[in-house]
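Structure first, then comments.
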Amino acid sequence: MIQPSFSRGDRAEQTHRACCYRDLPIMVLLHVLFEHAAGYALFAVKEVEEIGMLLPQVEESVLSIGKFNSMVSLAAFFPFKSAQAALENINAVSEGVVHADLKLFLETNLPLSGKKKAMLGVSDAKIGAALQEEFSISIQTGGVVAEIARGVRLHFHSLVKGLTALAASKAQLGLGHSYSRAKVKFNVNRVDNMIIQSIALLDQLDKDINTFSMRVREWYGYHFPELIKIVPDNSTYCRMAQLIGNRKELSEESLESLEEVVMDAAKAQAILDASRSSMGMDISPIDLINIERFSNRVVSLAAYRLELQEYLRSKMSQVAPNLAALIGEVVGARLISHAGSLTNLAKYPASTVQILGAEKALFRALKTRGNTPKYGLIFHSTFIGRAAAKNKGRISRYLANKCTIASRIDCFSEVPTSVYGDKLRGQVEERLSFYETGDVPRKNVDVMKEAVKEATDVATEIKRKLDKKEKKRRKREKKLQEETGETNGEAEAENEVKKKKKRATEDIEVAVESPAAENGAEDSSAKKKKKRKAEVEIQAEEVAATDNGAEETDTPAKKKKKRKTETNDAEPAEETPETPVSEKKKKKKKKET
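In the numbering used here, the protein residues as written are -13 to 579.
What follows is the structure, given as structure tokens:
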């Protein structure tokens, strides 16, 4: 076979052409994934050399549906089959997990292989990373993708055929409600938000009561300065200022009331003696009234603080009983508040719980390369204060470990019990005595076996009590329903009896009225016949009167009497034949002619 010969110029031209083809820009095919409450939508964007070139064009056309539709077109749409499927898909998207429906949708409609460079744009970077790992495709987020998603969100009901704006808004509303309901689904009796607010209010009340008490001390001290040394407690001082008022009015009769407040007879006598020889200034009644009002407010705030502390204790026993039994209600509530929720606290490792509340000291130590803090909020527990200086770090680590276990048990247990918290507290006590005396504590396995057994017994007892309460409640409801049913039955029976009586009386009335009605009908027909007869006779008499002319001289009264008698006489009579009347009429006509 003869090979074609190429000159040096031909070879140079072929090389130049190959270089030109290699340098041509590759067109990028961008698809944008949009997650809607109605389903998944895949939009194809017009091909460009660089994605960044699209940004100004999209920004200009995003408000106009015509311009936007010329750049972005719907490639595929996957509607959700039900509201439950939509909720499952949105939960998967929010968690950054590729759902089976999304995977099937993209495998079917996304061009993964081809000469053109395919790229997928997503709004969320988390789901984008999951899709990149799943399909090994280039993912684009932000920039032009965000603008395209904004335009798609604005014109979605116009881009998808068969979907109206009303249907899209209803789908979004329903999915939003179900998603939010699933997010905030919790037991009402175990709400840690109330604990967070209560401990914050308790801390604020401590500051306010301290500030107000110092103000009362300074204000009332002008009048009775010796009282500050005798009664050092703030709340008791405010109560004493409220009780004493003007010190000059104190007498022997006030000793009993003073003793009730200070709970000490010697202090009450000292107050009485000091009031008689006080160095304070006199006070006007209006100033005394203002001091008493302010002291009343401080005393009421102190009383409310005690009520709030009791409320916090009850809520901690419901929400986190094991944590409260281990470290105390106040410290446990502060840990929950600092973490944000009981769930967040349960997710923290023991090392984080140990220094929770000492973040500033930690970062300062890391910055200066100094010693990191050994404890944070757990320092306020009694265990660290009782430990020796060399053992504070070790007991804080051990206590943080037990706090983590207790918080996880409280977070994920169905029946809240304080059994585990009591056992963990016993373990911390044993470890503290081990550091001091060297007594070997029990093993954790043995302690937990005992705790599990006791917790099971307590849980069964609680369940039995709850079942008993439920049975009583159902029995009470059933009894109430029966009572209401009996009353309704009695009322219905009375109504039926009344209806029967009414029907019987109506039947009797109908039976009585029916013959009367028949008689009335006969009488009316007879009366009609009699009336006709009377009219015929009257006409005959008138004709006769015109013929004879004799009856014209009769008075109208006589005529009336005659008519009445004739009508009375005509009642028993039979019907008269009409022939005489017709003959008389004929005679009358003849005479007239």
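Don't be surprised by glycine CBs; every beta carbon is placed ideally from N, CA and C.
- Every alpha helix (DSSP H) stretch that sits fully inside the region 22 to 73 and reaches 4 residues is listed by chain position as 40 to 47 and 51 to 57.
- Under DSSP, Gln126 takes part in a beta bridge, and its partners are Gly107.
- In the three-state reduction of the DSSP assignment, His17 falls in the strand class.
- For Gly107 and Asp87, the gap between their C-alpha atoms comes out near 18 Å.
- One thing to note: Val284 has its Cβ within 8 Å of the Cβ of Ile195.
- Under a 10 Å Cβ-count criterion, Gln467 is classified as exposed, with fewer than 16 other Cβ atoms of the shown protein chains found around its own Cβ.
- For Ala319, the enclosing alpha helix (DSSP H) stretches over residues Glu315 to Ala325.
- In this model, Gln295 and Ala251 are separated by some 30 Å (Cα to Cα).
- When DSSP states are grouped into helix, strand and coil, Met267 belongs to the coil group.
- Between Leu41 and Leu28, the C-beta spacing is not below 8 Å.
- Leu145 sits away from Ala23, with the two beta carbons spaced by 8 Å or more.
- Of the other Cβ atoms in all chains shown, 16 or more fall within 10 Å of the Cβ of Ser199; this residue is therefore buried.
- At the C-beta level, Ala69 and Ser164 come within 8 Å of one another.
- Note that the C-beta distance between Ala116 and Ser221 is not below 8 Å.
- Asn308 is a Cβ neighbour of Tyr406, given a cutoff of 8 Å.
- DSSP, read as helix, strand or coil, puts Leu236 in coil.
- Relative to Ala186, the option among Tyr334, Ala319, Ser404 and Glu400 whose CA is nearest is Ala319.
- For Asp396, the closest of Gly114, Tyr384, Val305 and Tyr223 by C-alpha to C-alpha distance is Val305.
- Residue environment: Tyr361 is assigned as buried (16 or more neighbouring CB atoms within 10 Å of its CB, all protein chains considered).
- In the DSSP assignment, Glu415 falls within the unbroken alpha helix (DSSP H) covering Val405 to Thr423.
- Contact between Ile381 and Ala373 holds: their C-beta atoms lie close to 4 Å from each other, under 8 Å.
- Boundaries of the alpha helix (DSSP H) harbouring Ile181: Asn179 to Gly207, taken from the DSSP string.
- Three or more Cβ pairs closer than 8 Å define a contact, and the region 46 to 55 meets that threshold against the region 131 to 146.
- Ala336 and Phe420 have their C-alpha atoms spaced approximately 21 Å apart.
- Non-local beta-carbon contacts of Val247 in its own chain, meaning distances under 7 Å to residues more than five positions away in sequence, involve Thr222, Arg225, Met226 and Leu229 in chain order.
- Straight through space, the alpha carbons of Ala111 and Phe349 are spaced by roughly 30 Å.
- Burial check for Gln340: the Cβ neighbour count within 10 Å reaches 16 or more, so the residue is buried.
- Distance check between Thr423 and each of Lys429, Ala445 and Asn377 places Asn377 closest, using alpha-carbon atoms only.
- Here DSSP, grouped into helix, strand and coil, assigns Glu120 to helix.
- DSSP places Leu90 inside the alpha helix (DSSP H), whose first and last residues are Ala86 to Asn95.
- Tyr208 is a Cβ neighbour of Gly266, given a cutoff of 8 Å.
- Taken through DSSP and simplified to helix, strand or coil, Gly356 comes out as coil.
- In the DSSP assignment, Tyr384 falls within the unbroken alpha helix (DSSP H) covering Lys378 to Phe398.
- When secondary structure is reduced to three states using DSSP, Val83 falls in the coil class, being assigned neither helix nor strand.
- With fewer than 16 other Cβ atoms from the protein chains shown falling within 10 Å of its own Cβ, Ala151 counts as exposed.
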